[in-house]
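Chemist: Provided herewith is a single structure, encoded as structure tokens, for subsequent inquiry.
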Amino acid sequence: MAAALLPETAPRLLTPETLRTAAKQSQGIHLVPLSLRRAIKRYLRDQDKAHMNRKVLLLSASFERAKGTGAELAAAATRGALLDDPNAPAGAEQRAARWKVRSAYGDIGLRYREDETVAYVASRMPAIYAACHRVLREVRRRLPDFAPAKVLDFGAGPSSALWAMRAVWPKSIERVNLVEPSKEMQRAGQSLLDNLKGLPLIHSYDSIQELNRSIEKHERGHDLVISSYALGEIPSLSDRITIVRQLWDLTRDVLILLEPGTPQGAKIISQMRSYILWMEKRKCRKNEKSSARAPSNEKSIIAHESSLKNGAFVVAPCPHDGQCPLENTDKYCHFVQRLERTSSQRAYKRSKGVPLRGFEDEKFCYVALRRGKRPEEAWPLDGMKFETLKERHAKRKQEDLIIDYDEQFPSEEDEEIHVDGGDSLVAYASDEHELSLFHESEGAEEEQTFRADLGGGWGRIIYSPIRRGKQVQMDVCRATKRDASEGAFERIVVTQSKNPSLHFQARRSLWGDLWPF
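For the sequence shown, the working numbering begins at 140 and goes up steadily by one.
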């Protein structure tokens, strides 16, 4: 089948194979790096297993209580310097209750004591690492020329995002600023990073204010700013907006916000996304008015400078910069990453009366924003011509329909089994292939693949596709205008009879992949 873009539309040649490669953004079961698993084991080495099981259960219960606590604290008229948990249990479990600490810029989140920090590292850190790695990996694929040197991690915790950044960009990161109010989390992150070689320059701060006081104003810009699982611990919308605005001011290029894949987490991401896009559009309108009043010989200079400094667009997951089409609906945008459970998770996490699975699914929602104007790209299906199934069958030759039975069934020589005498007792499938934390082979392989551009022609598959017979139904968030200023949520149906090539791609598409238009 001949499928090519018209020369006047785009100079590159797109085929169904390159479309499938570019659209693939989902990741199979994720294997936590061997170096991180060993670091977690060293950190938990002196912990008693019976006490650890109790700590993990108490941490899980405190997270459940914090969901309702945030809503009540957000609606409260006044707040004290130290906010008690209104859902905290009485009696012996009072020691496990969570507290919220008031700072100069609002409620910064949950306080983690030593036992809660240990339980967090044992049960939650691998899953958060897997979610961060999935998001950062997609940012690298969508932005192949982006190699951050200076990074800010807000709400760093035990440095889960730092481990993921080192795996995705092993050679470019030179300096990392960590903002984490919990001293116990800071100590845990330092302990996990001990004995690692090739670390960038790392500085830890208790707040954004302390970070701004410690560095010069001209040095506050960061190539990459990430906030993972932190905004949800701040109950007030005004406090969240204040913090996100400060993070955006510290962002020189890309800002990533990552939250749990819950309705509340999706709402937070949608609100912060809308606020940043609205704020940058307002700046662009003000600059246009100021440039209109400027002399004619200075208008082009002002317009060029404003286009470089102002403006923002969504890199992922949204294919457009308009209002989220899932707002005010019973659905919410989120994704899932499956990971193989580490030995600490299998040892300390408990299931509800059933055997613990060897994997778990981490649901998350996120947004990655970049400064500047969205590039204008040709849509991937512009000028492409696909054959129907009837047209494809009409072009078949008679000799292609002859079946060679000798080639269909292997001979006895082909069925020889080669026995490997090596040790097969490997704890993880990745151990025999992993030489270091840096997945250089994976990066080299991805350098050769075709990438999806940042134009509005790539939609996002939300939820799992439904495969029924010879048709596939997909819920896709897509751009409705060429400049990606507006978007919509649509149900796409692909049938084998009308388009066998796209039907083949649809059958292999997963939740979170892209879909070409």
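The C-beta atom is built at its ideal place from N, Cα and C for all residues, glycine as well.
In this text, all values refer to a predicted model and were calculated from it rather than measured experimentally.
(1) Enumerate in chain order the residues of its own chain whose CB-to-CB distance from Tyr471 is below 7 Å, with the five nearest sequence positions on each side excluded.
(2) DSSP has Lys502 in a bridge; who is on the other side?
(3) Taking C-alpha atoms, which residue in Leu649, Arg384, Ser429, Val393 lies nearest to Phe285?
(4) From which residue to which residue does the beta strand (DSSP E) around Cys616 run?
(5) Hey, could you find the ends of the beta strand (DSSP E) Gly626 is sitting in?
(6) Quick one: give me the first and last residue of the alpha helix (DSSP H) that Cys328 is part of.
(7) Pair every Cβ in the segment 264-274 with every Cβ in the segment 332-348, then say whether three or more of these pairs are closer than 8 Å.
(8) For Asp500 and Phe474, I'd like the C-alpha separation in whole angstroms.
(9) If you run the structure through DSSP and keep just helix, strand and coil, what is Pro639?
(10) If I follow the unbroken beta strand (DSSP E) through Val364, where does it start and stop?
(11) Spatial neighbours of Ile341 within its chain, please: C-beta separation below 7 Å, excluding the five flanking residues on both sides.
(12) Is it the case that the segment 300-307 contacts the segment 152-161, given that we only count it when at least three CB pairs across the two stretches are under 8 Å?
(13) Closer than 8 Å is the cut-off here; do at least three beta carbon pairs connect the segment 591-610 with the segment 622-635?
(14) Judging by CA-CA distance, which residue of Glu319, His272, Tyr268 is the nearest neighbour of Glu349?
(15) Apart from the five residues on each side of it in sequence, which residues of its chain come closer than 6 Å, Cβ to Cβ, to Leu641?
(16) How many Å lie between Tyr259 and Arg176 at the Cα?
(17) Using the rule of at least 16 other Cβ atoms within 10 Å of the residue's Cβ for burial, across every protein chain shown, is Gln476 buried or exposed?
(18) Roughly how many whole angstroms lie between the Cα atoms of Ile168 and Ser429?
(19) Look up Gly596 in the DSSP assignment and say whether it is helix, strand or coil.
(20) With DSSP collapsed to three states, give me the class of Asn351.
(21) When you compare the CB positions of Leu593 and Glu530, do they come within less than 8 Å of one another, or not?
(22) Helix, strand or coil for Trp650? Go by DSSP, reduced to three states.
(23) Would Gly419 and Gly450 qualify as a contact pair, given that the criterion is a beta-carbon distance under 8 Å?
(24) Compute the Euclidean distance between the alpha carbons of Lys239 and Arg250, then round it to the nearest angstrom.
(25) Any beta carbon of chain D sitting closer than 8 Å to that of Glu530?
(26) Would you check if the distance between the CB atom of Ser346 and the CB atom of Leu649 is smaller than 8 Å?
(27) For Ala229, which residues from the same chain have a beta carbon less than 6 Å from its beta carbon, with the 5 sequence-adjacent residues on both sides left out?
(28) Let me know the secondary structure DSSP gives Leu175 once reduced to three states.
(29) From which residue to which residue does the alpha helix (DSSP H) around Ala300 run?
(30) Using DSSP's beta-bridge definition, name the partner residues of Val318.
(31) From Phe656, Arg359, Ser174, pick the residue whose C-alpha is nearest to that of Tyr268; which is it?
(32) Taking the DSSP output, what are the residues bridged to Ile601?
(33) Can you check which of these residues, Arg480, Leu291, Arg621, Arg352, is closest to Arg391 by C-alpha distance?
(34) Count the other CB atoms, across all protein chains shown, that sit within 10 Å of the CB of Ile605; report buried if there are 16 or more and exposed otherwise.
(35) Give the range of the beta strand (DSSP E) segment to which Thr390 is assigned.
(36) Take the Cβ of Gln612 as the centre, count every other Cβ of all protein chains shown within 10 Å, and call the residue buried at 16 or more, exposed below.
Modeler: In short:
(1) Pro402, Ala405, Leu465
(2) Val475
(3) Val393
(4) Note, Cys616: beta strand (DSSP E), 610-618.
(5) 626-634
(6) A small correction: the amino acid at residue 328 is Gly; Cys does not occupy that position in the sequence shown. Start and end: 322-332.
(7) no
(8) 10 Å
(9) helix
(10) Counting along the chain, the beta strand (DSSP E) containing Val364 begins and ends at 361-367.
(11) Val315, Leu317
(12) The segment 152-161 is not in contact with the segment 300-307.
(13) yes
(14) Glu319
(15) Val633
(16) 14 Å
(17) buried
(18) Answer to the nearest angstrom: the Cα atoms are 52 Å apart.
(19) coil
(20) helix
(21) no
(22) coil
(23) It is worth fixing the name first, because residue 419 is Glu in this sequence and not Gly. The answer is yes: Cβ separation under 8 Å.
(24) Here the model assigns Lys239 a pLDDT of 45, short of 50, so the residue's position is not dependable, and the following value carries that caveat. So the two alpha carbons sit approximately 6 Å from each other.
(25) Within the model displayed, chain D is absent; a lone protein chain is all it includes.
(26) no
(27) Low per-residue confidence applies at Ala229: pLDDT is 46, beneath 50, and the placement is therefore not dependable, though the value from the model is reported in the following sentence. Result list for Ala229: empty, nothing under 6 Å.
(28) helix
(29) 299-307
(30) Phe293, Tyr344
(31) Ser174
(32) BP columns for Ile601 point to Asp614.
(33) It is Leu291 whose Cα lies nearest to the Cα of Arg391.
(34) The residue in question, Ile605, is exposed, as its Cβ has fewer than 16 Cβ neighbours within 10 Å.
(35) 390-399
(36) exposed
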